[in-house]
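Okay, so here's the structure we're looking at.
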Amino acid sequence: MANSNEVRIIAGQWRGRKIRFPAGTPIRPTPDRVRETLFNWLSPVIRGARVLDAFAGSGALGLESASRGAASVVCLETDQRCVTALQDHCREWGALQVEVVRADALRWLAATRPSTSAPFDLVFLDPPFDADLWSPVAQRLEAGGWLSSQAFVYLEMPAARALAELPPTWKPWREGRAGEVGYHLLRRHSEGGEPS
Numbered sequence: 016m017a018n019s020n021e022v023r024i025i026a027g028q029w030r031g032r033k034i035r036f037p038a039g040t041p042i043r044p045t046p047d048r049v050r051e052t053l054f055n056w057l058s059p060v061i062r063g064a065r066v067l068d069a070f071a072g073s074g075a076l077g078l079e080s081a082s083r084g085a086a087s088v089v090c091l092e093t094d095q096r097c098v099t100a101l102q103d104h105c106r107e108w109g110a111l112q113v114e115v116v117r118a119d120a121l122r123w124l125a126a127t128r129p130s131t132s133a134p135f136d137l138v139f140l141d142p143p144f145d146a147d148l149w150s151p152v153a154q155r156l157e158a159g160g161w162l163s164s165q166a167f168v169y170l171e172m173p174a175a176r177a178l179a180e181l182p183p184t185w186k187p188w189r190e191g192r193a194g195e196v197g198y199h200l201l202r203r204h205s206e207g208g209e210p211s
């Protein structure tokens, strides 16, 4: 049986490797079966994608993306213990395409300028459920020019809660439920065209 403070990479370059995160941190890793479903949905687009994991926690979503061929991954996390653990994994695995930043997602998005040549193709928004950050971060991503024209955005939230208020350019694409967790994959379309 797996320890409660570790998750396993499901597929790709680091398949089977364990991500260990500090005990006592308020981390709620995305369940294995949800990650498997999510990355099955993303399999046509993950290779070469530019990824933001805005509330990285254990780093399971960001590192799974890198394992499956994402070109670059930025992991934002406020807890220094989690940041250190993630940086250690990246060094150990030679994950040069992963950048781990100790930062609050809202502040980082406000203070950092997006590269015009490399907006994000995929963003994971899995904040602490009691923080109610889905809408503010979504609005900042959209208004700040952080997303490519047909980016995918993943939201994880309590299943009993209605989908957060989101930019009108974000359209539901896939969704599911695992126990008390609801998960949603949305696709952005720029004005003037539906996503293909």
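Heads up, the final residue of the sequence shown is numbered 211 in this note's numbering, and it's a clean run with no missing numbers. Here a beta-carbon is modelled for each residue, glycine too, at the ideal position from N, C-alpha and C.
Considering Cα atoms alone, identify which of Asp103, Leu101 and Leu156 is closest to Arg128.
Leu156
Just list the residues that DSSP pairs Leu91 with in beta bridges.
Val116
Can you tell me whether Asp147 is buried or exposed, with buried defined as 16 or more other CB within 10 angstroms of its CB?
exposed
If the criterion is Cβ atoms closer than 8 angstroms, does the pair His104 and Ile34 meet it?
yes
Using alpha carbons as the reference points, say which of Leu137, Thr45 and Thr40 lies closest to Arg192.
Thr45
Would DSSP call Pro151 helix, strand or coil?
helix
Nearest residue (CA-CA) to Gly72, options Trp56, Val98, Ala81 and Leu162
Val98
Touching by the beta-carbon criterion (3+ pairs, under 8 angstroms), the segment 106-119 and the segment 74-81:
Under the 8 angstroms Cβ criterion, the segment 106-119 counts as touching the segment 74-81, having at least three qualifying pairs.
Can the beta-carbon of Leu181 be found closer than 8 angstroms to that of Glu190?
no
Return the CA-CA distance between Gly194 and Ala174, expressed in angstroms with no decimal places.
8 angstroms
Cutting at 6 angstroms between CB atoms, please list the residues of its own chain near Glu92, excluding the five before and the five after it.
The beta carbon of Glu92 sits closer than 6 angstroms to the beta carbons of Ala71 and Val98 from its chain, once the five residues preceding and following it are set aside; these are given in chain order.
Cβ shell of Leu53 (< 6 angstroms), same chain only, five flanking positions each side left out:
If you ignore the 5 residues before and after Leu53, its C-beta comes within less than 6 angstroms of no other C-beta in its own chain.
Assigned exposure category for Glu107 - 16 Cβ within 10 Å defines buried
exposed
Does DSSP classify Glu190 as helix, strand or coil?
strand
From what residue to what residue does the beta strand (DSSP E) around Phe54 run?
Phe54 -> not in any beta strand (DSSP E); alpha helix (DSSP H) instead, spanning Asp47 to Leu57.
Span separating the alpha-carbon of Thr84 from that of Ala69:
Looking at the sequence shown, residue 84 is not Thr but Gly. Each residue's alpha carbon lies about 19 angstroms from the other.
Which residues mark the beginning and the end of the beta strand (DSSP E) in which Leu200 is found?
Val196 to Arg203
Taking its Cβ as the centre, do 16 or more other Cβ atoms sit within 10 Å of Val49, making it buried, or is it exposed?
buried
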